[in-house]
DNA sequence: TATCTATGTTGACACATGTCGAAGTGGGGG
DNA sequence: CCCCCACTTCGACATGTGTCAACATAGATA
């Protein structure tokens, strides 16, 4: 599941061994607690709103949302850019959107050899879900 | 909690009696099932992404996110525009943003007398939460 | 009816954003 | 060493978006 016509062996996705999975989750790194209480608890402050809106904004574009969904639902929880081709935009545009998702803290990237792999940042996404009133774990 | 200097009695928020509350929840009306499975289940189609991105986009602005949080956390689950004043933008801008939230299906509005009351559309917001991986109810 | 208040709408403007082609970077293979 | 491939960055462009002042509308009160 990666239509590369280069380097036919050395299955790229097979590199995601358990050890890699465990250590590949530093998430956003700088910020362990992404943001803010549920939106129903109290009004957000201006600063909280700015930080949080950036995350929602990142998912507020159809192409980015598809990219995010594509990575999130991909086998092994990660996908390389080569797995993405039919999103309807050029490849530089895909790269541009992936960077935005990464900057928003929703995705992390890791280069392994020739390919770059993206995976979702679970805690950040979970925090967004909680803000929308999904109090249950 | 509504600094109107007109019509000193007839407490506006007191109008939210149980009967009104029960009937004030037709939600988005047209669309009972807002959208889409969890983002981790399968890649979104283009059409799904467009519909869903519009909802996330609505929350992707700091002012709108504050407005939404303000309505969601307000007493009685509803707030009139007069309850909102310190968001840092002019009143027409507030109205503009409330309309956007309404168009996205995240808020509903109802006019009762002089004032217009906004409340959140619970099913739509819950659906967004579920898409972010909060599978539990 | 006239007038006041609470909201929504319009028009205009500056700015942000999505998009692409072209050029740049980084790593593997021959 | 050079080429090829995967991916990113750059420059430019059209379009979208947030913002406001000014105007329009809807009820309520007198």
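Protein chains in written order, with this note's numbering: chain D, 1211 to 1347; chain B, 1211 to 1347. Glycine included, C-beta positions come from ideal geometry on N, C-alpha and C. Just so you know, these numbers come straight off a predicted model, no measurement behind them.
Minimum Cβ-Cβ distance from residue i to chain D less than 8 Å
i	result
residue 1331 (chain B)	no
residue 1262 (chain B)	yes
residue 1286 (chain B)	no
residue 1300 (chain B)	no
residue 1324 (chain B)	no
residue 1310 (chain B)	no
residue 1336 (chain B)	yes
residue 1271 (chain B)	yes
residue 1250 (chain B)	yes
residue 1321 (chain B)	no
residue 1295 (chain B)	no
residue 1305 (chain B)	no
Distance between beta carbons of residue j and residue i, contact taken as under 8 Å
i	j	result
residue 1316 (chain D)	residue 1268 (chain D)	6 Å
residue 1307 (chain D)	residue 1280 (chain D)	Going by Cβ atoms, the distance from residue 1307 (chain D) to residue 1280 (chain D) rounds to 11 Å, so no, they are not a contact pair.
residue 1334 (chain B)	residue 1291 (chain B)	Rounded, the Cβ-Cβ distance is 21 Å, inconsistent with contact.
residue 1342 (chain D)	residue 1339 (chain B)	4 Å
residue 1305 (chain B)	residue 1252 (chain D)	In fact, because the Cβ distance is near 23 Å, the residues do not count as touching under 8 Å.
residue 1314 (chain D)	residue 1265 (chain D)	5 Å
Cβ neighbour criterion (16 or more within 10 Å) applied to residue i
i	result
residue 1329 (chain B)	buried
residue 1293 (chain B)	buried
residue 1257 (chain D)	exposed
residue 1318 (chain B)	buried
residue 1285 (chain B)	exposed
residue 1274 (chain B)	buried
residue 1272 (chain B)	buried
Within-8 Å CB hit, residue i to chain B
i	result
residue 1317 (chain D)	no
Residues near residue i by beta carbon distance below 6 Å, same chain, minus five either side
i	result
residue 1288 (chain B)	1327 and 1329
Neighbourhood of residue i by C-beta, 7 Å cutoff - its chain only, sequence neighbours within 5 removed
i	result
residue 1261 (chain B)	1245
residue 1301 (chain D)	none
residue 1311 (chain D)	1268, 1274, 1277, 1278 and 1317
residue 1239 (chain D)	In this prediction, residue 1239 (chain D) scores a pLDDT of 38, lower than 50, which makes its location untrustworthy; no coordinate-derived value is stated.
8 Å CB neighbourhood of residue i in its chain, flanking five on each side removed
i	result
residue 1321 (chain B)	1327
residue 1254 (chain B)	1246 and 1262
residue 1303 (chain B)	1273
When you compare the segment 1247-1258 of chain B with the segment 1242-1262 of chain D, are there three or more beta-carbon pairs, one atom per stretch, that lie closer than 8 Å? no
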